[in-house]
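Enquirer:
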């Protein structure tokens, strides 16, 4: 099976790129959306440290949509 994938905003010609596996919970928690995809390398900040940009989901996050049903 083949599916052509094209980046909406391709990297600039001089941009650094890296190869990534793109994964996420589509049907299962380990679904692969793309394997070995050439994507722009994320910018390093604060000497290579990482920052949490969202909290981990908990059961309360899922059931809140059912309140009042």
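Numbering (my numbering), first residue to last: 291 to 359. C-beta atoms are modelled at their ideal positions from N, C-alpha and C, and glycine is treated no differently. Fair warning: this is a prediction, and the values are worked out from it, not measured in the lab.
1. Determine the DSSP secondary structure at residue 358, reduced to helix, strand or coil.
2. In whole angstroms, give me the CA-to-CA distance for residue 319 and residue 313.
3. Considering Cα atoms alone, identify which of 333, 350, 338 and 300 is closest to residue 327.
4. Where do the N-terminal and C-terminal ends of the beta strand (DSSP E) with residue 326 fall, by residue?
5. Can you check which of these residues, 348, 322, 305 and 316, is closest to residue 329 by C-alpha distance?
6. Might you give, ordered along the chain, the residues of its own chain that have their beta carbon closer than 8 Å to the beta carbon of residue 297, omitting 5 neighbours on each side?
Expert: Straight from the coordinates:
1. coil
2. 8 Å
3. 300
4. 321–330
5. 305
6. Once the five neighbours on either side are set aside, the close Cβ partners of residue 297 are 329.
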